[in-house]
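In the UniProt record's numbering, the protein residues as written are 1 to 275. One structure below.
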Amino acid sequence: RLGRISLNGKEMITPNLFPVVHPSRNIIAPQDLKTFGAQGLFTNAYIIYKNEKLRAQVLQKGLHEHLNYDGIIATDSGAFQQYMYRKDSFDIDATIIERFQEDIGSDFPVILDIPVQLDDNYEIAKEKVNITIERAKDNISRRSRSDCYWFGPLHGGTHFDLLKESAIEMSKLDFGIYAIGGIVKAFLNYRFDLTTQILLTVKRYIIPNKPVHMFGLGLPQYFSLAVACGCDLMDSAAYVLFAKENRYFTLSTGTRKLEELKEFPCHCPICVKYT
């Protein structure tokens with residue numbers, strides 16, 4: 001579906017992709033990403049907060065001035081690090097990191113959820129889903145800004161009844177965007193079947209008048225299917241992570257190492273220049 005998200009004089013057309021940028025180290029400057037057509041960026045508030053010097057700079061200047069980007073900026077709370085690196089205990093409080101995102105001027109902040117791992121058993125997954133729902137309720141009660149759209153994360157992993165419960169319960173709460181989490185590891189293993197099942201389950205039960213985001217959805221060959229199944233927004237750092245490893249995106253066969261290619265299977269100006 002086509003949509004438009006407007007906030008504070010900024011606008012995104014959906015479906016759309018957020019390139020993920022590092023708060024202080026970027027091969028491609030955020031402003032350059034805008035010239036490429038990026039209508040929004042995703043960065044990490046947790047990384048900013050944990051660096052005392054960087055934290056002070058961003059609090060003083062604001063996130064948009066710090067990144068020199070005047071479009072929509074979304075921020076992650078650090079839950080992604082918890083998910084990817086399986087940190088059982090996390091060294092930050094939800095109240096602190098959520099307030100920090102408001103203080104630095106994030107347009108689309110994310111609550112500190114607890115992502116469900118694909119191998120979590122039912123009891124562990126249910127506990128994580130319940131805690132995330134309670135944190136979502138707590139977040140609503142302590143918000144200090146009305147000029148941002150909060151992400152409400154949805155979880156359940158491979159337990160589809162928990163995904164259903166998460167979507168139904170979170171739909172009752174006031175969030176600007178609902179975001180499916182805990183899917184990156186399935187996605188990186190090309191488990192498009194599981195990723196699609198998760199998306200379709202959420203779409204069946206989520207409130208229909210709000211955009212649905214998928215965290216970490218970065219492979220171009222899946223974009224069209226995700227959009228066809230109802231995904232409105234996605235974010236990824238794959239464009240720069242894969243480039244650092246000399247990997248090349250292809251729509252037909254996934255990613256390939258540069259040394260495996262005799263020529264680029266693409267006729268865009270950049271690929272033609274270097275092929």
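Glycine is no exception: its CB is placed at the ideal position from the N, C-alpha and C atoms.
Notebook entry, point to check: Do the stretch 150 to 170 and the stretch 200 to 208 touch if we need at least three Cβ pairs shorter than 8 Å?
Noted result: yes
Next item on the list: Let me know the alpha helix (DSSP H) ranges lying completely inside the stretch 83 to 158, each 4 residues or longer, listed in chain order.
Entry: 94 to 103, 122 to 142
Check: Quick one, are the C-beta atoms of His66 and Tyr122 less than 8 Å apart?
Finding: no
Next item on the list: Would you kindly work out how many angstroms separate the C-alpha atoms of Asn44 and Gly78, rounded to a whole number?
Entry: 7 Å
Item checked: Through-space distance from Pro265 to Arg256, alpha-carbon basis -> 11 Å
Note to self: So for Tyr46, helix, strand or coil by DSSP?
What the structure shows: helix
Notebook entry, point to check: Looking only at C-alpha atoms, which of Phe151, Phe192, Gly254 sits nearest to Asp76?
Noted result: Phe151
Check: With C-beta atoms as the reference, is Phe187 less than 8 Å away from Thr196?
Finding: no
Notebook entry, point to check: How about Ser236 and Gly216: do their beta carbons lie closer than 8 Å?
Noted result: yes
Notebook entry, point to check: Excluding sequence positions up to five away, which residues of its chain have a Cβ less than 7 Å from the Cβ of Asp70?
Noted result: His64
Checklist line | Residue closest to Leu118, alpha-carbon to alpha-carbon, out of Asn189, Leu59, Lys172, Lys50 | finding: Asn189
Notebook entry, point to check: Roughly how many angstroms separate the alpha carbons of Leu7 and Ile104, rounded to a whole number?
Noted result: 16 Å
Next item on the list: Compute the minimum distance between the beta carbon of Lys10 and the heavy atoms of the ligand MG, and state whether it is under 7 Å.
Entry: Within the structure as shown, the ligand MG is missing, as the structure has no ligands at all.
Check: Considering only the beta carbon of each residue, do Ile48 and Leu54 sit closer than 8 Å?
Finding: yes
Checklist line | Three-state secondary structure assigned by DSSP to Pro269 | finding: helix
Next item on the list: May I have a chain-ordered list of the alpha helix (DSSP H) segments no shorter than 4 residues that lie completely inside the stretch 170 to 200?
Entry: 184 to 188
Check: Starting from Tyr248 and walking both ways along the beta strand (DSSP E), at which residues does that stretch end?
Finding: 247 to 250
Notebook entry, point to check: Considering only residues of the same chain and omitting the five flanking positions on each side of Arg142, which have a CB-CB separation below 8 Å?
Noted result: Thr95, Glu98, Arg99
Margin query: With DSSP as the reference, identify every bridge partner of Ile5, one or two as the case may be.
Written below: Met12
Check: Taking C-beta to C-beta, are Ile198 and Ile180 nearer than 8 Å?
Finding: yes
Checklist line | Spatially closest choice to Ala29 from Gln81, Leu225, Val240, Leu154, by CA coordinates | finding: Val240
Notebook entry, point to check: Span of the beta strand (DSSP E) holding Asp76?
Noted result: 72 to 76
Item checked: C-beta atoms of Leu173 and Ala125 nearer than 8 Å -> no
Next item on the list: Please classify His66: does DSSP put it in a helix, a strand, or coil?
Entry: helix
Next item on the list: Please go through the same chain and pick out, in chain order, the residues whose beta-carbon is closer than 6 Å to the beta-carbon of Ile5, but skip the five residues on each side of it.
Entry: Met12
Next item on the list: Assuming Phe108 and Ile133 form a contact by the criterion Cβ under 8 Å, report the distance between their Cβ atoms to the nearest whole angstrom.
Entry: 20 Å between Cβ atoms; not a contact.
Check: Does the Cβ of Tyr274 have 16 or more other Cβ atoms within 10 Å, making it buried, or fewer, making it exposed?
Finding: exposed
Next item on the list: With a threshold of 16 other CB atoms inside 10 Å of the CB of Cys231, please say whether the residue is buried or exposed.
Entry: buried
Note to self: So Ile92 and Tyr46 are supposed to be a Cβ contact under 8 Å. How far apart are they, rounded?
What the structure shows: 7 Å
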